[in-house]
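Going by this note's numbering, the sequence shown opens with residue 1270, and the numbers climb by one from there.
The C-beta atom is built at its ideal place from N, Cα and C for all residues, glycine as well.
Only a predicted model underlies this, so the values are computations on that prediction, with no experimental measurement involved.
Below you'll find the structure, written out as structure tokens, and then a few comments.
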Amino acid sequence: MSRRRFLKQATILLGASVSASLSAAVLKGITTDSPVNSSTLSESQQQVISLLSERIIPKTDTPGALEAGVPAFISIIVSEWYNPDEKKAFISGINDMESYCFQQFNCSLSQASSAQHDLVLTEFERLTVKNKDSDKPSIFSTLRELVVVGFFTSKPGAMQALKHNHVAGQFIGDYPLSKVGKAWSPFY
């Protein structure tokens, strides 16, 4: 699947299913310049988030998750906006990914190759599909949601990956995407 197709599908899918904590944070207008309570996530967990974020939205002809500040966005959401149960589930999920990597490759995610990162993400995506009827959100779904929302609400994501018009003209609800080339950014 191409990156462009993935981003379009993820945006459509996530539009209707963003968690309450994440919605509240985005609507409040958080920025990655905000001070972060760094005691919530360990340094190694933050490194894992950075590595996996870059695998989910890598740098191509447009900025990737790292250039958009997605890891800092995720740290702020988890530290300042998640309730205690959400924090516990997120941290447990990151630790589960780390344990899986040790079991499969005998190394931590920070020591693993990009191909191994992809295999870990693929396995956790497979588990998400397998357990789709579970009430508990999977770490893969949660991480992907945070990465996609963090990317598209960042200035690089909104201005370079999406089409941006600061002062929009009239609303045309059925305007063909093929005529503009990108989805419109509601930010910046």
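Asked, Found
"Three Cβ pairs or more, each shorter than 8 angstroms: is that satisfied between the stretch 1404-1416 and the stretch 1317-1330?", "yes"
"Out of Ser1348, Phe1393, Pro1425, Pro1445, state which residue places its alpha-carbon closest to the alpha-carbon of Ala1334.", "Pro1425"
"Are the beta-carbon atoms of Ile1326 and Phe1393 separated by less than 8 angstroms?", "no"
"Would you give the residue range spanned by the alpha helix (DSSP H) that Met1250 belongs to?", "The requested residue 1250 does not occur in the structure, where the chain is confined to residues 1270 to 1457."
"CA-CA distance, Ser1313 and Ile1441?", "47 angstroms"
"Quick one: grab the DSSP three-state call for Glu1336.", "coil"
"In the DSSP assignment, find the alpha helix (DSSP H) that holds Leu1390 and state where it starts and stops.", "1383-1399"
"Under the rule that 16 or more other beta-carbon atoms within 10 Å means buried, what is Val1449, buried or exposed?", "exposed"
"Near Ser1383, which residues of its chain fall below 7 angstroms by C-beta distance, leaving aside the five closest residues on each side in sequence?", "Arg1324"
"Report buried or exposed for Ala1285, applying the criterion of at least 16 other Cβ atoms within 10 angstroms of its Cβ.", "Residue placement at Ala1285 is flagged as unreliable, the pLDDT there being 47, under the threshold of 50; the coordinate-derived value follows with that caveat. Label assigned to Ala1285: exposed."
"Please state whether the Cβ-Cβ distance between Leu1234 and Ser1407 is less than 8 angstroms.", "The requested residue 1234 does not occur in the structure, where the chain is confined to residues 1270 to 1457."
"Hey, quick one: how far does the alpha helix (DSSP H) through Ile1326 stretch, first residue to last?", "Unbroken run through Ile1326: none, as it is neither H nor E."
"May I ask you to report which of helix, strand or coil DSSP gives Phe1422?", "Residue identity check: residue 1422 is Thr in the sequence provided, not Phe. Here Thr1422 sits in coil by DSSP."
"Assign Leu1412 to one of three DSSP states: helix, strand, or coil.", "helix"
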